[in-house]
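Beneath this line is the structure, given in structure tokens, with notes to follow.
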Amino acid sequence: MKNHVLGLVVHPRNDVSASVSTVVKLASEHGIRVVARPADAARIGVEPMPDDEFADRVDFVFSLGGDGTMLGAMRLVAGRPTPVLGVNHGNIGFLIEVTPDGLSEALDRLIAGDFSLEPHSCLELTGHDGPALAFNDVVLTATTPWAAVSLDLEINKIRHGYFRSDAVVVCTPTGSTAYNYAAGGPIISPSAPLIGLTPVAPMSGITRPIVLGGDETVMLRAPSHETRLSLDGAVTLTVPEGTDMVLRMRPHAVNVVRFDSDTHGTRTRIKLSLLDLPLRPDQLIELVPEHLRDRGRLPRF
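What follows is the structure, given as structure tokens:
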């Protein structure tokens, strides 16, 4: 990895200074240049690289934050082979495997090439000013507060009725455990290239979630009002009434670094249990590492 460029994407508020120091120290020992976009670089004290060069010039991206920061890093390098490693400085962190305490070991394994790459698909939205990407979900609402959104649905250019609801969530498998799950939509396996559509508080029209194949083309159109679109909860667009909002799955849009997919899967199950996945107490105990399974020390449920 000598002479490689490592780009940092950091949480806008949380203190990530300890992880930055660890990265800079180990990177310098191996001749790796550490950079960040100007706004981040000024705050964390690393070399700045212009926004318009960052995605094309970095060889690796480290995301220091939560899932929101990770999603932003993934959108930055979408369509490129650049690996993205997440270090959890946020809350739950479904996408993230590495903790700050494990960063030194992760860096050593990365430099040694002891890792795998997990491809992630995303949704590509067209039909407005230009294509936009979402790795979790696209949420469509009316621009008027408290008003219902009314959206005609076409799948592969064939009409399939309409939604009238508080919102409509279009999600990837990765995003199926986010707003889609909270709205009563299904959890979709990451191994299945599928698109989920879930109406939030439906009033008429389509009232149940829909799951489509990853090669299907979804078109939504609001015939009588503007529509606000939120992509991964970070990018917001407003489109005029009558606009064709076309959504397609883009496979293998980004590569996420994984060191132990089994451990990451177990942690994800624990995190899902915190979101009310129906597990009995004995099933929760199965998720606890064996050396911590002293039932005498476990609280009663």
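Residue numbers (the numbering used here): 559 to 859.
For each residue, glycine too, the CB sits at the ideal point set by N, CA and C.
Quiz item: Terminal residues of the continuous beta strand (DSSP E) containing Met628?
Solution: No beta strand (DSSP E) holds Met628; the alpha helix (DSSP H) holding it covers Asp625 to Leu634.
Quiz item: Leu653 by DSSP, collapsed to three states: which one?
Solution: coil
Exercise. Taking only the alpha-carbon atoms, compute the straight-line gap between Ala759 and Ala741 and give it to the nearest angstrom.
Key: 8 Å
Practice problem: In the DSSP assignment, find the beta strand (DSSP E) that holds Asp695 and state where it starts and stops. | Solution: Asp695 to Ala700
Quiz item: So Val728 is in the beta strand (DSSP E); what residue range does that whole segment cover?
Solution: Ala725 to Cys729
Quiz item: So what does DSSP say about Ile745, is it helix, strand or coil?
Solution: coil
Quiz prompt | Under the three-state DSSP convention, the category Pro767 falls into | solution = coil
Self-check item: Endpoints, the beta strand (DSSP E) within which Asn813 is located
Solution: Met803 to Arg816
Quiz item: Is the beta carbon of Ser512 less than 8 Å from the beta carbon of Thr580?
Solution: As displayed, the chain neither begins before 559 nor continues past 859, which places residue 512 out of reach and without an answer.
Practice problem: Report buried or exposed for His810, applying the criterion of at least 16 other Cβ atoms within 10 angstroms of its Cβ. | Solution: exposed
Practice problem: Rank Ser679, Leu711 and Ile713 by C-alpha distance to the C-alpha of Leu629 and give the top, closest one. | Solution: Ser679
Quiz prompt | Same chain, Cβ closer than 8 Å to Ser782, neighbours up to 5 away in sequence not counted | solution = Ser708 and Glu799
Quiz item: What are the boundary residues of the beta strand (DSSP E) that Asn646 is part of?
Solution: Pro641 to Asn646
Quiz prompt | Where the alpha helix (DSSP H) containing Glu611 begins and where it ends | solution = Asp609 to Arg615
Self-check item: Contained beta strand (DSSP E) runs [length at least 3] in the region 567-595, N- to C-terminal order
Solution: 591-594
Quiz prompt | Length of the line joining the Cα atoms of Ala600 and Asn572 | solution = 15 Å
Quiz item: Ordered along the chain, which non-local residues of its own chain (more than five positions away) have a Cβ less than 6 Å from that of Asp609?
Solution: Arg595
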